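Engineer:
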Amino acid sequence: MPGRIVLTIAAVAVVSMIFAAPAPAADRPDAQDTGATAESYLNTVEPSALAPGETLTLAGVVENTGDEPITNVQALPRWNTVQLETRDEIALVSVDDTVRWGFRYDDPFQVVAERLDPGEQAEFRLDIDAEQLSFGSPGVYTVGVDIRGSLTDGDRVTLDTARTVVPWIPDDVPAKVDVALLWPAEAPPALMPSGDLRNDAVAGRIAPGGPLDAIVDAAGSNPVTWLVDPDLLDTVDAMTESDSGDAAEAAEEWESKFQPERDGSLYLLPYARPDVRALLATDPELASQLTAASVDATRQTARTLADVRTGVARADAGADDDVFSALADAGVRTVILSGAAATSSESPMAHMSTARGELEVVLTDPGLDAVVADAHNATNTDAGLLELRQRWAAETAMAAIEAELRGAQPQPLVVAPPARWTPHEDLANAVVDVWTDLPWVEPVTVDELPAPSQPASVTVEPADAGNVLPAENVAAAADLQDAVQKYTELLADPDQDLNRALGLAAIRAASSGWRDDPAAGLEYASDITDELGRQLGEVSVTVPESVTLSSRTGIFPLTVTNELDEPVTVKLAIQSANPDRLRVDDVPEQQVGAGSRETIEIKAQAATNGRVPITVQLVTHSGAPLGPTTQSVVNATDYGTIGWIIIVGAGALFGAAVIRTMLRRRNSATGDHDSVSESAADDVATGDDPGSAGAAGDHTGAAPRPPAQGVTR
C-alpha cells in the first residue's frame, strides 16, 4: 500500500510538472521576434459565433514590411481552449499577448507564398473544424493565425500573430439581450445669422457617401434611438433654401430620407451642444445663460416636429457634479452617460441627485461603446470592421450566457457611438448589421427598455475626457453674447427671426463641436461680433467739450445720430463727477429714426458756481453701454442772484451820486453856505446857540451877528 501511494504521488507530481511547464518557445508571447518584418491582420471570421458541427474560417492578409525578402511564408492556426473570464478581457485579446495566448497548431496550415518581397502582400485562409478546437463550456474563446517564414540568414521565425475572439454556443441560443443603439447626427456649427453657411463642411457630410448620409442610410427603418442636434436640422433646412444648386439638392435628398416616419425614437439634444464644462470653468454666468438658451431653443425646434423628446443631454466622461447641476437648472431632465463615468448599476436606467434637482440617467455600456469607438479609430478599415463584429458578438454573447448561468434575465444594454461621430458608409452599416443580425440580441429603442422598479441612484466618477474649448473661445462667445444683447435691445422695431438667429449664433460660438478645431470657433464668433460692432457703431452721441448753465437750473442739448436703416431706442447715462455740486436729471428713452438725428435736452441743477466734469454714455434700455464714454465740462455761473446784487448796488451808487450833485447845485445858489456853516459852528463852540431861549427874541428876524471880540476859537 505505501509503495502504491508513493507511486501515485509521483505520478501526480509528474503530471503537475507537465501542465506547469512553460509552453514551447514558439508558443510563448516573448518568443516572437522583436524585429518583426511582416504585419498581418484578419478580415474574415466565419461564422462570427461558432456552434458544434460548423467550420471556422479565418482569413486575412500578410505584408512584408521589411527590407529583405521572406521565403516559405506559412499560416498556422492558434487558439486557447480556456475561455475568457470577464468582458473586460475581450478588448485586450487583439493587443495583449498575455491574455489567453494559447498554442499554435500544425494542422491545418497553408503555404501563403514561396517568396514575399518587401512591400508585397499575400492572402491566407484556414478552415478549422469546430470539434478540432475542443472548446468546452459556452463562452468566448481566443482564436488566431501565426505567420511564419524564413529570413535571408536562414532563420525560421514567427513573423506576426493576428488574434480575435469568437463566441462558442454549443447548446441552444441563450435568452435574448435587449440592446438599444443610440444613433447620433450632428455636425460642427456652420450656419451664420444671415442664413448663409460659413463653409461647405455640412454639405460634404450630407452629400452621398458622406458620414451623415451614411448614418441615415444605415439606420433605415431599424429601431435606432436618434440623438440629433437641432442645429443640424436648421442648417440643412437653410441649405434647401440656398442659391447653391448642388447644396440645396443634397439637403433636400438628406431631408427626404431623414424625415419620413421612423420606427425608432428621436431625441433632440440641447441646441448646438454648448461646452458646459469649459463655460463653467471660465464664465459660470455665461454657462447658465447659454445652457438655458440652448435647451429652450431645442423646445422651439421640437414644435415643428412630431414625436420627439426634448430635455435630453449627452454628457462626456469628464462631466462632474457642477455640469449636471447646470444641465438640470437649464431644464434638462434626462442625461446619457457612459457607465464607465458613474457608479455601477445593474440596469442602464438609473437616476442622479444634483444641487438643482433629480435627473434620469441612461447609462451606456462601456464595452460596446469601446467596440464602436475602436472601429471608428482603426487605421485599417477591414481589420477594424472585423474587430467590430467579433467583439460586439462576444460582448453580447457573454452577457447573455452569464445571465443564463445565473438563471436570470439578461440586463438590457445601451450603446452609443462617439460624440461628433463621422463614420464611413461601411462602418455605419456594419454597426447596424451586427446589432440586428445576432440571434441573442433584441434591437429596441431606449424608450422600450424596461424601467427597474427602484432605479439605482448613481454618482459621477469623472474621468479625463480629453479636450474642452479653450478659454479664448469662451471669451469670444461672451463677447458675441454681449454684442447680440446690445443689438437686439437697440432696435426699436426688432425682427423676431433675426433676434432668434443672433441668439442661436451666440450658442453656436460656445458649441462643443469646436473642440476639434477651436480656431474655427474663434473665427466664427469674431466675424459675427465684428459685424455687430460695426452696426452698433452707426449709432452715436455728439457731446461738446463744455456747456454753460445760464442759471442755477439749466438745460443743454446733446445730439444722437442713427446711421442705421432701422429706428433705434436709446438712453443717455450721464454721470456727474461731483453730484453734490451738479446733479443731472435722468434722461428718458428716445427713439431715433433710421438715418436721422435727434436732439435731446439735458436738465441739470447746480448747487454752487464752478466747473464740474461729466461723462456721457449712450446705453440700451437695460443700461448696456453703446460705444465709448465721452467727457464734457459743465460751467455753473449763477446769473440770477448775482445779477440782482449788481443791479441794486449800481442803483444805490447812482442815487448817491444824484443827491450829491443836487446839494452842490443848491449851495451854489445861496452863495454863503460855507460862512453860515462856520458861524453856526462858532456859536455852538462858545455856547451862544442862536436857537436858545435867551437869544430867541433878538435873533428872530435879524441878520446874523458877527462873532464876539476876544473869544478864541
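Going letter by letter, the sequence shown gives residues -25 to -1, 1 to 688 in mature numbering (1 follows the signal peptide of the UniProt record, and there is no 0). The C-beta atom is built at its ideal place from N, Cα and C for all residues, glycine as well. Remember, predicted model here, so these are calculated numbers, not experimental data.
#1: Trp229 bridges to which residues according to DSSP?
#2: Spell out a yes or no on whether the region 427 to 437 and the region 377 to 384 are touching, meaning 3 or more CB-CB pairs, one atom from each, closer than 8 Å.
#3: Roughly how many angstroms separate the alpha carbons of Ala189 and Ala375, rounded to a whole number?
#4: Helix, strand or coil for Ser650? Go by DSSP, reduced to three states.
#5: Run the CB neighbour count on Ile181, radius 10 Å, all protein chains shown included, and call it buried at 16 or more, exposed below.
#6: Candidates Gly111, Ala495, Leu126 and Pro249: which alpha carbon is nearest Pro44's?
#7: What distance in whole Å lies between the Cβ atoms of Glu564 and Lys546, which are believed to be in contact at a cut-off of 8 Å?
#8: In chain order, what residues of the same chain lie with their CB nearer than 8 Å to the CB of Lys578, ignoring the 5 residues before and after it?
#9: Smallest Cα separation from Arg331: which of Arg248, Arg308 and Leu338?
#10: Please determine, among Pro532, Val518 and Val459, the residue with the shortest C-alpha to C-alpha distance to Val591.
#11: Check each candidate in Leu497, Gln96 and Asp468 and name the one with the smallest Cα separation from Ile482.
#12: Where Ala277 and Asp492 are concerned, what is the direct C-alpha to C-alpha distance, given to the nearest angstrom?
#13: Quick check: the Cα distance between Phe78 and Arg366, rounded to an integer number of angstroms?
#14: Within 10 angstroms of the Cβ of Ala438, are there 16 or more other Cβ atoms? Answer buried if so, exposed if not.
#15: Go ahead and label Asp204 buried or exposed: buried means 16 or more other beta carbons lie within 10 angstroms of its beta carbon, across all protein chains shown.
#16: Since Ala277 is in the alpha helix (DSSP H), which residue starts that stretch and which ends it?
#17: Does the beta carbon of Pro145 sit closer than 8 Å to a beta carbon anywhere in chain C?
#18: Do you know whose CA, among Met214, Ile122, Asp102 and Ser526, lies nearest Ala611's CA?
#19: Tell me the DSSP bridge mates of Leu363?
#20: Buried or exposed: where does Lys232 fall if 16 or more other Cβ atoms within 10 Å of its Cβ makes it buried?
#21: For Val390 and Asp130, what's the separation of their Cα atoms in angstroms?
#22: Comparing C-alpha positions only, which one of Asp502, Ala137 and Leu265 sits nearest to Gly478?
#23: Based on Cα-Cα distance, which residue from Leu59, Glu64, Thr133 and Leu31 lies nearest to Thr46?
#24: May I have the straight-line CA-CA distance separating Thr136 from Val68, to the nearest angstrom?
#25: Between the region 17 to 35 and the region 138 to 153, are three or more C-beta pairs nearer than 8 Å?
#26: For Ala348 and Ile65, I'd like the C-alpha separation in whole angstroms.
#27: Mind reading off the beta-carbon distance from Ala467 to Thr544? Whole number of angstroms is fine, and I expect it under 8 Å.
#28: Determine the burial state of Gly286: buried for a count of at least 16 other Cβ atoms within 10 Å of its Cβ, exposed for fewer.
#29: Could you tell me which of Thr583, Val120, Gly170 and Gln96 sits nearest to Ala213, measuring between CA atoms?
#30: From Asp146 to Thr354, what does the alpha carbon distance come to, in whole angstroms?
#31: Among all the DSSP beta bridges, which residues are the ones paired with Pro198?
#32: State the Cα-Cα distance for the pair Phe84 and Leu51, rounded to the nearest angstrom.
#33: Work out the CA separation of Ala290 and Leu312 for me, nearest whole Å.
#34: Excluding the 5 residues flanking Leu302 on each side, which residues of the same chain have their C-beta closer than 6 Å to its C-beta?
#35: What is the DSSP secondary structure of Ser328, reduced to helix, strand or coil?
#36: Between Glu38, Ala500, Tyr462 and Gly441, which lies nearest to Glu14 when the distance is taken from Cα to Cα?
Structural biologist: Answer, in terms of the structure:
#1: Beta-bridge partners assigned by DSSP to Trp229: none are found.
#2: Touching, no.
#3: Answer to the nearest angstrom: the Cα atoms are 30 Å apart.
#4: With a pLDDT of only 43 at Ser650, under 50, the local geometry of the prediction cannot be trusted, and the value read off the model is given with reservation. Helix.
#5: Ile181 should be labelled buried.
#6: With distances taken between Cα atoms, Pro44 lies closest to Leu126.
#7: A Cβ-Cβ separation of about 5 Å places Lys546 in contact with Glu564 under the 8 Å criterion.
#8: In the same chain as Lys578, and ignoring 5 residues on each side of it, the C-beta atoms closer than 8 Å to its own belong to Thr528, Gly529, Ile530, Val559 and Asp560, in chain order.
#9: Comparing Cα positions, the closest option is Arg308.
#10: Residue Val518 is the option with its Cα nearest to Val591.
#11: Of the candidates Leu497, Gln96 and Asp468, the one whose C-alpha sits nearest the C-alpha of Ile482 is Leu497.
#12: Roughly 29 Å separates the two Cα atoms.
#13: So the two alpha carbons sit approximately 21 Å from each other.
#14: Exposed is the call here.
#15: Under a 10 Å Cβ-count criterion, Asp204 is classified as buried, with 16 or more other Cβ atoms of the shown protein chains found around its own Cβ.
#16: For Ala277, the uninterrupted alpha helix (DSSP H) run begins and ends at Pro259 to Ala277, by DSSP.
#17: Absence of chain C from the displayed structure is noted, only one protein chain being present.
#18: Measuring from the Cα of Ala611, the nearest candidate turns out to be Ser526.
#19: Paired residue(s): none; Leu363 is not in a bridge.
#20: Residue environment analysis places Lys232 among the exposed positions, since fewer than 16 neighbouring C-beta atoms fall within 10 angstroms of its C-beta.
#21: Straight-line Cα distance between these residues: approximately 47 Å.
#22: The candidate whose alpha carbon is nearest that of Gly478 is Leu265.
#23: Comparing Cα-Cα distances from Thr46 to each of Leu59, Glu64, Thr133 and Leu31, the minimum goes to Thr133.
#24: Counting only the Cα atoms, Val68 lies some 11 Å from Thr136.
#25: Contact holds: three or more Cβ-Cβ distances are below 8 Å.
#26: Their backbone Cα atoms lie some 15 Å apart in a straight line.
#27: Cβ atoms of Ala467 and Thr544 come within 8 Å of each other, at about 4 Å.
#28: Gly286 should be labelled buried.
#29: Closest option to Ala213, Cα to Cα, is Gly170.
#30: Going by C-alpha positions, Asp146 is about 37 Å away from Thr354.
#31: None, per the DSSP bridge assignment.
#32: So the two alpha carbons sit approximately 5 Å from each other.
#33: Approximately 6 Å between the Cα atoms of the pair.
#34: Correct list, in chain order: Ala288.
#35: Reduced to three states, the DSSP call for Ser328 is strand.
#36: Comparing Cα positions, the closest option is Glu38.
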